[in-house]
Amino acid sequence: MTKKIDATKEQSRREIESVCTYCGVGCDITGVVENNKIIKMYAQKDGVVSEGNLCIKGKYGYDFVDSKDRIRKPRVRKTFLDKNPHIKDAFVDKLEPFDDEFLTCDLDTATSIATMKLDEIKKKYGGDSFCAIGGARTSCEGAYAFQKFCRETMDSPHVDNCARVCHSPSLKGMRATMGEGAATNPYNDIYETEFMVVIGSNTMEAHPIIANRIINVAKQHNNLAVIDVRETKLAKLAKHNCVIPFESNLLMLNMMAYVIIDEELYDRSFIDNRTKGFDAFKEKILNDPYANPEFFKKVEGYEYLAKMIPNIAREYAVKKSMIFWGLGITQNLDGSHAVMAITHLALMTGNVGKTGAGLMPLRGQNNVQGACDMGCLPYFAPDYTKPKVEGMMTPQLMDAMLDGRIKALIAMGEDITHIHPNINKIDKAMDMLEFCMVQDLFMVDVTKKADIIIGVKSAYEKTGVYVNAMRRLHLSQPLVESDLPDDWEVLTQMAGKLGDGENFNFKTSEDVWNEVREVAPVRFSGANYYRLERHRKRGMQWPIYNEDTPILHLLDFRTEDGLGKYVYKQYKLRGQVQEILDGTFYKDSHKGYYLTTGRTLAHYNNAAQTKQTDNLMHKYDEDLLLAPLEDKEKLGDKVILKSEYGESEALSVKFTKKVKSRTLFCTFHHAKSRINALFGDEADELIWTARFKSIKVDIIPIA
Ligand code: SF4
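For the sequence shown, the working numbering gives the first residue as -18, with consecutive numbering after it.
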């Protein structure tokens, strides 16, 4: 609803409801706008997601909208034109000087140049020499048009989005056992639950407004278990503050299953009526050499887990419980299997399909759920249908660039050279491309590889649907006007120039959305703009027919036969646990520390938007390494980290008791730190999500 505050005195001052552009929590926001400028952002007291509160990003992080650094006109790289003189000759009259590297032009010229090159590449090498990576920062309309442009206009199956580096394992794991890869309950079910397990999630910094609910409930009921490789802020409130070794999620989750089975704490009636294969699973768990928590008695420094894990398992099983997880689960070699292990706990105890009991993968980007729903995945078309041809995932695309199979890329809101792993390799791979186009708000790191860069509308300047971490659709409306194009408009224009105009018959974002409702009817058929607008305040959770669906799996799981399944996987001994058992871990050396990475409250991913707000930038203007207090003398205040793949730049160190011996934590927001140069191609074994949560590094102190 758009309301004029004072129609006579302040004609231009308005308050407009929309949705926060940062994280997957998807808070409702109200922007106060004067003379087409946002002057304040707040949450209304009855905001269904925000509950009247925004974190500092949501509250202060809007200066990016009218930043002088926004890309206002398309840029075309001079060296690209030099390499393609026929294109230069064709458009020379329309190009104007910009700086040493780029010329500039209008949108029509930029899309004409881009399509001329893409057409040549398609004709010469075939459509599948093209790939498209992105879509999780923009609206569903942008994401839908993106995958459609890739699949239909370019005839390439290679579309992917940032879920590759975050929650693809949640989708994979949950679909394998329950048939649907999304959160089962609304956030407010936290108020209805009796016990909460947060595993692999720094919720207070990464999903702060969800954390508010968890904190309130934990303070009242002392019913929280926090499981992580370090002591996160949320752990202060935990009844069970469970710090586990690196890469041992699956180990401890299987142990919880063992305790529930061994002590017969499971819900036999739920198991019999709603699941299949339990007896075989039970047999495997009971015979798993690593599943008995007594195992931890042998793991020096973590012996307390032998008692703590059974205590968490017991409380989880006998109470109405919820499990929350983040990238601490998914960004591991066995991320998908760990997600399956989480779902096993719910299936065995009946902690799913009801109010106050369920599973909540805490999605990262504002619209990563929507981008996956729209089919921006190489193995899923819209609505999770099978695409005609399955494409390659991002790490495979990098290999294909290196060996010359992929020649062209459009990156839409995805800072691949900063946010993805093994950035030294990605740099080389992208240098092999014949053409790279970027659609973004700012000159982010990946633009250094781009031949054409098109500035697009931000979320606060356009209309569109966003899907948050609880499957809630929010129809966003513009807070300010902008003459920049929306992502889908750029793609529509390009599709037209490539002869696919009839297929891209979109004049408005609503046109795009109406096609989504036809193509993805299982989840979105009833979600027309009119209804989404009427219910903007409450939002609607998919699937949406006549009504929406706040809780999934009430009667049946979304598997073919409606039954939940168990997909057992034994933990593979490796890494820190193995080194402790072998007696090689606790050594007095600068070498062989285990590093994990994550976010801080003030910034969002590559910080492209947050660093435009002084307030946020100054809070964390460089990445920070947390190291064990006991190493203070040994390491000093500045260090470089080195792995077998690369080196970071010099990092400031903060020493703390919150990280265990010979382990480290670092944020990754600033490209100049080159944290992701430390990571290689090790990834989830099923779905290639990078193992960002564990890498062995040597520390080089800087005198
Ligand atoms: S929690 Fe996420 S969605 Fe909510 S205000 Fe903060 S950044 Fe925005």
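Even for Gly, the Cβ is constructed at its ideal location relative to N, Cα and C.
- Message: Quick check: what's the CA-CA separation for D408 versus A431?
- Response: The residue labelled residue 408 in the question sits at position 427 within the sequence shown. The residue labelled residue 431 in the question sits at position 450 within the sequence shown. D408 and A431 have their C-alpha atoms roughly 12 Å apart.
- Message: Under 5 Å, CB to any heavy atom of ligand 1. Which residues pass, going along the chain?
- Response: C1, Y3, C4, V6, C8, L35, C36, K38, G39, P189, I190
- What residue range is occupied by the uninterrupted alpha helix (DSSP H) comprising C112? By 1-based counting over the sequence shown, the position of residue 112 is 131. Per DSSP, C112 belongs to no alpha helix (DSSP H); it is in the beta strand (DSSP E), 111 to 115.
- Message: The alpha helix (DSSP H) that contains Q557, what's its start and end?
- Response: Looking up residue 557 in the sequence shown gives position 576. Here the alpha helix (DSSP H) through Q557 covers 556 to 563.
- Pair within 7 Å by beta-carbon distance, S31 and I190: The residue you call residue 31 lines up with position 50 of the sequence shown. The residue you call residue 190 lines up with position 209 of the sequence shown. Result yes, Cβ atoms of S31 and I190 sit closer than 7 Å.
- Task: Could you work out which residue in T366, N347, A298, M379 is closest to G339 when comparing CA atoms only?
- Result: Taking the sequence shown and counting its residues from 1, one reaches residue 339 at position 358. Across the set T366, N347, A298, M379, the C-alpha of A298 shows the shortest separation from the C-alpha of G339.
- Nearest candidate by alpha-carbon position, reference F646, set N486, V634, A652: One-based indexing of the sequence shown puts residue 646 at position 665. With respect to the C-alpha of F646, the residue from N486, V634, A652 having the closest C-alpha is V634.
- Message: For S633, report the span of its beta strand (DSSP E) as first-last.
- Response: In the sequence shown, counting from the first residue as 1, residue 633 sits at position 652. Here the beta strand (DSSP E) through S633 covers 632 to 637.
- Task: Return the chain-ordered list of same chain residues with a C-beta closer than 7 Å to the C-beta of N403, the five sequence neighbours on each side being excluded.
- Result: Mapped onto the sequence shown, residue 403 falls at position 422. These residues qualify, in order along the chain: Y626, F660, G661, D662.
- Item | Opening and closing residue of the alpha helix (DSSP H) in which N193 lies | On the sequence shown, residue 193 is found 212 positions in, with the first residue counted as 1. Per DSSP, N193 belongs to the alpha helix (DSSP H) from 189 to 202.
- Query: Leaving out five residues before and five after V419 in sequence, what residues of the same chain have Cβ atoms less than 7 Å from its Cβ?
  - Reply: As a position in the sequence shown, residue 419 is number 438, starting the count at 1. Closer than 7 Å at Cβ, skipping near neighbours: A392, V427, T428, A431, I434.
- Query: For Y271, which of L607, R580, K553 has the nearest alpha-carbon?
  - Reply: Position 290 of the sequence shown, counting from 1, holds the residue named residue 271. Considering only alpha carbons, the answer is K553.
- For G160, which residues from the same chain have a beta carbon less than 6 Å from its beta carbon, with the 5 sequence-adjacent residues on both sides left out? For this step, residue 160 is matched to residue 179 along the sequence shown. Closer than 6 Å at Cβ, skipping near neighbours: F538, R539, T540.
- Using 10 angstroms around the beta-carbon of K653, count the other beta-carbons present and answer buried if the total reaches 16, otherwise exposed. Mapped onto the sequence shown, residue 653 falls at position 672. Counting other Cβ atoms within 10 Å of its Cβ, K653 stays below 16 and is therefore classed as exposed.
- Task: Look up A338 in the DSSP assignment and give the residues it is bridged to.
- Result: As a working mapping, residue 338 is identified with position 357 in the sequence shown. Beta-bridge analysis with DSSP links A338 to K335.
- Mapping DSSP to helix, strand and coil, what is K(-16)? Residue mapping note: residue -16 aligns to position 3 of the sequence shown, counting from 1. In this prediction, K(-16) scores a pLDDT of 49, lower than 50, which makes its location untrustworthy; no coordinate-derived value is stated.
- Task: Starting from Q350, follow the alpha helix (DSSP H) in both directions and report where the run begins and ends.
- Result: In the sequence shown, residue 350 corresponds to position 369, counting from 1. It spans 349 to 354 - the alpha helix (DSSP H) in which Q350 sits, taken as one unbroken run.
- Item | Nearest to G556 (by Cα), restricted to the options Y549, T565, T11 | Residue 556 sits at position 575 when you count from the first residue of the sequence shown. It is T565 whose Cα lies nearest to the Cα of G556.
- Would you kindly check if the distance between the Cβ of R655 and the Cβ of S629 is under 7 Å? Here residue 629 corresponds to residue number 648 of the sequence shown, with the count starting at 1. Here residue 655 corresponds to residue number 674 of the sequence shown, with the count starting at 1. Cβ atoms of S629 and R655: closer than 7 Å.
- Check the C-beta distance from C357 over to Q128 and give it rounded, since I have them as a contact under 8 Å. Taking the sequence shown and counting its residues from 1, one reaches residue 357 at position 376. Taking the sequence shown and counting its residues from 1, one reaches residue 128 at position 147. Right, their Cβ atoms sit about 5 Å apart.
- Message: Nearest by alpha-carbon distance to V349: which of R118, N65, S439, F636 is it?
- Response: Numbered from 1 along the sequence shown, position 368 holds the residue referred to as residue 349. For V349, the closest of R118, N65, S439, F636 by C-alpha to C-alpha distance is R118.
- One or two residues paired with G445 in a DSSP bridge: Translated into positions along the sequence shown, residue 445 becomes position 464. Looking at the DSSP assignment, G445 forms a beta bridge with S457.
- Check whether the region 232 to 241 touches the region 286 to 294, taking contact to mean three or more Cβ pairs, one atom from each stretch, closer than 8 Å. yes
- Would you kindly work out how many angstroms separate the C-alpha atoms of E77 and W469, rounded to a whole number? In the sequence shown, counting from the first residue as 1, residue 77 sits at position 96. In the sequence shown, counting from the first residue as 1, residue 469 sits at position 488. Approximately 26 Å between the Cα atoms of the pair.
- Item | Cβ neighbours of A199 in the same chain (closer than 6 Å, five flanking residues each side left out) | Here residue 199 is taken as the residue at index 218 of the sequence shown, counted from 1. If the five residues before and after A199 are omitted, its C-beta is found closer than 6 Å to the C-beta atoms of L205, L218, all from its own chain and listed in chain order.
- Task: Could you pull out every unbroken alpha helix (DSSP H) segment of at least 4 residues lying fully inside the region 249 to 276, listed in chain order?
- Result: 249 to 255, 259 to 267
- Residues near W669 by beta carbon distance below 6 Å, same chain, minus five either side: The residue labelled residue 669 in the question sits at position 688 within the sequence shown. The answer, listed in chain order, is M374, P376.
- Contact check, S120 vs V500 under 8 Å by CB: the rounded distance? Counting from 1 along the sequence shown, the entry for residue 120 is found at position 139. Counting from 1 along the sequence shown, the entry for residue 500 is found at position 519. That pair is no contact at about 16 Å.
- Item | Anticipated Cβ contact below 8 Å, G181 with I310, distance rounded | To locate residue 181, count along the sequence shown from 1; it is residue 200. To locate residue 310, count along the sequence shown from 1; it is residue 329. So it is a contact: roughly 4 Å between Cβ atoms.
- Which stretch, first to last residue, makes up the alpha helix (DSSP H) that contains E(-4)? In the sequence shown, counting from the first residue as 1, residue -4 sits at position 15. It is not in any alpha helix (DSSP H) - E(-4) instead sits in the beta strand (DSSP E) that spans -5 to 0.
- Query: How about K641 and A631: are their beta carbons less than 7 Å apart?
  - Reply: The residue you call residue 641 lines up with position 660 of the sequence shown. The residue you call residue 631 lines up with position 650 of the sequence shown. In this structure, K641 keeps its C-beta atom at 7 Å or more from the C-beta atom of A631.
- Query: Short check: CB of M177 to CB of M303, under 7 Å?
  - Reply: Working through the sequence shown from its first residue, we reach residue 177 at position 196. Working through the sequence shown from its first residue, we reach residue 303 at position 322. In contact: M177 and M303 (Cβ atoms closer than 7 Å).
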